[in-house]
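One structure is given here, and the rest of the page talks about it.
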Amino acid sequence: MNPALRIVDAAVESAELPIPNGWFAILSSRELKKKAVRPVRAFGKELVAFRGDDGRVTVLDAHCPHLGAHMGYGGKVVGDELQCPFHAWRFDKGGHCTHVPFAKKLPVARTRCWQVHETGGLIFVHHDRTGAPPATPPPDLSMFARWTRPIEDRSEYRGHPIEAAENVIDAGHFVYFHGAREPAALDFSANGATASMKTAFALGGLLSGVTAQMAVELYGPGLLFVRTKLLVDVVVITTPLPIEPGRTLFRMSVVAEKPRWFPLFGRIAAEIIRRRAAYDAKHERAIWEHKVYVPAPRLSSVDRHIQPFRRWYAQFL
Ligand code: FES
Ligand SMILES: [Fe+2]
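This is the structure in structure tokens:
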């Protein structure tokens, strides 16, 4: 038999990847105002986030160690602490019980506390399957402080967060999915928990025919920037969050430089890119929802960055 035919006949092997370790954005800052309490589903777990009187965010395991109420539903902020909605036990920022109404003696009770870092309008937590402390510093988005306010978009897809990251280094799909004229020249390089890549990207709509330079920066499995230029620098900040095995929240925030000659133009540029990115993401979701992860893919020369990317990503799995 022709060996090539055997390859065609073979079933495609697929694999389920574990939830990765790293920093992940669970909420935007706007979703958690002062004294607010929010339930959060992430990493296959139930969490509760709250913002105390001091403005700082705390994230705890949501189920109360007393009799198991979910503190994200009806919990209240008292000072800088969280009060359970069921019997009003209170928990501090470390998850320790500090107050039990009418109790003569405080029981030793604690709920797990997550490492939190808020930057650039996003609230990140560190996830590690073994409970190990972060090997990398938290993300820093302070460089965008003088840029336009983020314009946000969010959606969910069935699949692993790797799909969102592998997508931006997958040169072959730029042509068929994003209207590029040919698979662009790419430079993929990895350094510790960060990786980067440069390419060119064809714009559509009103700017059809214009090719934008694009640079991608990946910071661990939970944050990636896609930088492009539309007279001013525009960055699509993408933060894929594993909600549970096989389900990902895909959050995008678009920010742009405010040019001195017409600061409002930054907002216009960000909105143009957001529309394009949201349009593409909507169509891409249909692929991600139904695709499988192929651990040993058949690749062509166009795909030469897929394996270096996967070797880099493997450190988070
Ligand atoms: S279940 Fe939380 S205080 Fe009782
Ligand atoms: Fe894409």
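Numbering-wise (the numbering used here), the sequence shown opens with residue 1139 and increments by one.
Ideal placement from N, C-alpha and C gives every residue a C-beta, glycine not left out.
Predicted, not measured: the structure shown is a model, and the values here were computed from it.
Check whether residue i and residue j have beta carbons under 9 Å apart
i	j	result
Tyr1451	Pro1380	no
Phe1363	Val1370	no
Met1352	Thr1366	yes
Ala1200	Val1186	yes
Gly1310	Ser1280	no
Trp1285	Ala1394	yes
Pro1223	Gly1213	yes
Ala1434	Asp1291	no
Buried/exposed call for residue i, threshold 16 Cβ in 10 Å
i	result
Gly1193	exposed
Gly1206	exposed
Pro1275	exposed
Trp1399	exposed
Phe1240	exposed
His1443	buried
Leu1402	exposed
Ala1407	buried
Assumed close pair residue i, residue j - CB separation to whole angstroms, cut-off 8 Å
i	j	result
Asn1159	Phe1454	5 Å
Phe1188	Leu1220	5 Å
Arg1267	Pro1156	7 Å
His1264	Trp1161	5 Å
Glu1422	Phe1315	7 Å
Residue i CB to nearest heavy atom of ligand 1 below 8 Å
i	result
Cys1222	yes
Met1209	yes
His1237	no
Gly1206	yes
Ala1226	yes
Cβ-heavy atom distance, residue i to ligand 2, below 8 Å
i	result
Thr1441	The sequence given here places Asp at residue 1441; Thr does not occur at that position. No; taking the cut-off as 8 Å, the Cβ of Asp1441 has no heavy atom of ligand 2 nearer than that.
Val1306	yes
His1428	no
Glu1355	no
Asp1199	no
> Unbroken beta strand (DSSP E) runs of length 3 or more, entirely within the region 1145-1171: which are they?
Replying inline: Correct list: 1160-1166.
>> So within the region 1214-1293, which uninterrupted beta strand (DSSP E) runs reach at least 3 residues, ignoring any that extend past its ends?
In response: Qualifying beta strand (DSSP E) stretches, in chain order: 1214-1216, 1219-1221, 1235-1237, 1254-1257 and 1260-1265.
> In the region 1335-1409, which residue ranges form an unbroken beta strand (DSSP E) of at least 3 residues, counting only runs that do not cross its ends?
Replying inline: 1349-1357, 1362-1368, 1370-1382 and 1385-1394
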